[in-house]
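Each step along the sequence shown adds one to the number in my numbering, with nothing skipped, and position 108 is 1542. Remarks on the structure that follows.
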Amino acid sequence: MSLHEACGLFGICSTEDKIAESLHLGLFTLQHRGQEAAGFALARGGEFFLYKDLGSVEEVYRQGNVRLRRGQLGIAHTRYSTAGESAAENAQPIGLHRQGRWLALTHNGTVANAARLRRELSEQGVVFQGSSDTEILLQLYARAPEGTSPEERLARLAGQVRGAYSLLLLDGDRLIAARDPFGFRPLVIGRRGADWLIASETAALEMVGARPEREVRPGEAVIFRPGREPEARRFAPERAIRCCVFELIYFGRPDSVIFDHDVYQFRKRTGCLLARKEGSAIDLVVPVPDSGVPAALGYAQALDCPLELGLIRSHYVGRSFIEPQQASRLQVVKMKLLPLRSVLSGRRVALVDDSIVRGTTAKAVVELVREFGAAEVHLRIASPPIIAPCFFGIDMPTKAELLASGRTLADIKEFLQADSINYLTLAELAEATGVGAGLVPALGGFCDACFSGCYPAGSLAEDDLFRGATCRTPTCKTR
């Protein structure tokens, strides 16, 4: 599959001032979460440095000579745009000098009511640097009266914003990590000696030698100062938790733990569950690399069927779901995947992938596998059909671009030119997460809106609800 996500966040609070290389390495580990732009902000005493631009983490780090900068506090961001154009001014962190101090903010998620908030702020005299919804969050935080505490500023923000936001914020001599009351996007805290680190995924913490401690809780702000213990403060009541299940299905690295789930083991479970209903004669299982590999392993093991690497991926081409324009995706797929004729020729292939969004990637892959000699191509998708837009940080904003929206399985099979197609059901996905059907367990839950069309109550502005998909969940309270 090919999607754009959310972004990658990484932050450090240290008693030392040589944090640039750790910021670089941590953010590099999160490059998979966004490839359009990157940026770094560092602070020490009254000193402040910010550099951001279009390009990879490595390119931006080098161009900005970030390694030469000193700071005890630092935040870094790699961007994929779900709101706002692909332009340098929309890269993050976004900085602002107000009330005698520098602020800088990074954001993972999407502000669903951004248009209204931007209009209201503009009427109040705010001049925006770019079109990113992240700048709206920074302005809402910054415009609170002088002397307002960070948690009070975030409470004011939470009262106005609908959507998803995990934040890292530099505010004077403080680094603040915060997560929206639903907990849509991940944010985890780690420790390395006297240093505190915060990241979108545990893999980034472990890459720099930090031990993951805990997640930032929904509706919580954690305030870090050099040489002090963190202070956890609640800025909003915790809602019915709705973590994005796509973090487990696709976005997260397989070596991460996200929402207390081992991503690799979760994906293997989805493959095992998918294999239970196999009805076709299959000669071998072929994963669509890279994100489809764990599910394919689980699928092959459950069927006791050979698994072969029939598609070889070039790692010099970006993740095609995360390329910003649809027009470039087909060419990206052809550049990215090279089939092996010796593996595929004359074989009945079960092609396993984690998901299908627009169908562009899947259709091209089926065509390539046939072109290289496969006798039959059976698509096996380790998640349910995506039928509804996401307003919480993933690049699927309209029903029209979603392959499964309004189509039957037969329609999808015909469009993709596959011999057969099977998806995981919503109930099976719930089983893979270890929670009840409907993804509403007693001890925390997941957002399944893209699969069900049922959006968490109170998470969206009314206009977003009305342009969303029709909910197929009878008990949904958002209708």
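Ideal Cβ placement from N, Cα and C applies to all residues, glycine included.
State yes or no: is the C-beta of A1784 within less than 8 Å of the C-beta of Y1733?
It is a contact, given that the beta carbons lie within the stated cut-off.
At what residues does the alpha helix (DSSP H) containing E1865 begin and finish?
Here the alpha helix (DSSP H) through E1865 covers L1860 to T1867.
Which of helix, strand or coil DSSP assigns to H1749
The answer is coil: DSSP assigns H1749 none of H, G, I, E or B.
What residue range is occupied by the uninterrupted alpha helix (DSSP H) comprising Y1485?
DSSP places Y1485 outside any alpha helix (DSSP H); the residue lies instead in the beta strand (DSSP E), whose first and last residues are E1481 to L1488.
8 Å Cβ shell around Q1563 - same chain, five flanking residues per side excluded:
Cβ within range, chain order: E1523, I1528 and E1569.
Under 8 Å between C-beta atoms of G1498 and I1453:
Cβ atoms of G1498 and I1453: not closer than 8 Å.
Between R1906 and L1682, what straight-line distance do the alpha-carbon atoms span, to the nearest angstrom?
Note that R1906 scores a pLDDT of 39, beneath 50, so its modelled location is shaky; the value from the coordinates is reported in the next line. Cα-Cα distance, rounded: 23 Å.
In the DSSP assignment, what are the bridge partners of Y1857?
Beta-bridge pairing links Y1857 to I1815.
Check: A1844 C-beta below 7 Å from any heavy atom of the ligand MN:
Of the ligands one can find in the structure shown there are none, so the ligand MN has no counterpart to examine.
Considering just the uninterrupted stretch of the alpha helix (DSSP H) at Y1698, what are its terminal residues?
Where Y1698 is concerned, the enclosing alpha helix (DSSP H) starts and stops at V1697 to A1709.
Residues bridged to V1719 (per DSSP)
DSSP, once it has assigned bridges, lists L1741 and A1784 as partnering V1719.
Taking the CB atoms as reference points, tell me whether L1860 and D1882 lie closer together than 8 Å.
Taking 8 Å as the cut-off, the Cβ atoms of L1860 and D1882 count as close.
Could you tell me which residues DSSP puts in a beta bridge with P1646?
As DSSP reads the structure, P1646 sits in a beta bridge with G1624.
Using a Cβ distance threshold of 8 Å, determine whether the region 1602-1621 contacts the region 1658-1674, with at least three qualifying pairs required.
In short, these stretches touch, since the Cβ pair count reaches three.
Quick one: is T1832 buried, meaning 16 or more other Cβ sit within 10 Å of its Cβ, or exposed?
Here T1832 is exposed, its C-beta having fewer than 16 other C-beta atoms within 10 Å.
Helix, strand or coil at E1665 [DSSP, three-state]
In the structure shown, E1665 sits in a strand (DSSP, three-state: E or B).
Could you compute how far the alpha carbon of T1512 sits from the alpha carbon of R1804?
CA-to-CA, the gap between T1512 and R1804 works out to about 36 Å.
If you run the structure through DSSP and keep just helix, strand and coil, what is L1731?
Looking at L1731 - three-state DSSP - the assignment turns out to be helix.
Where does R1513 sit, in a helix, a strand or coil, going by DSSP?
Correct three-state label for R1513: strand.
Taking three-plus beta-carbon pairs below 8 Å as touching, is the region 1792-1811 in contact with the region 1835-1853?
Between the region 1792-1811 and the region 1835-1853 there are three or more inter-stretch CB-CB distances shorter than 8 Å, so the stretches are counted as touching.
Top-ranked residue by Cα proximity to A1809, from C1677, D1853 and D1829
The candidate whose alpha carbon is nearest that of A1809 is D1853.
Let me know if Q1699 comes out buried or exposed under the rule of 16 or more other beta-carbons within 10 Å of its beta-carbon.
Classification for Q1699: exposed.
Exposed or buried, what is G1559 when buried is set at 16 or more other beta-carbons lying within 10 Å of its beta-carbon?
That one is exposed.
Going by beta-carbon coordinates alone, are P1819 and M1830 separated by less than 8 Å?
Taking C-beta atoms as the reference points, P1819 and M1830 fail to come closer than 8 Å.
Rounded to the nearest angstrom, what separates V1494 and Y1485 at their Cα positions?
Approximately 8 Å, taken between the alpha carbons.
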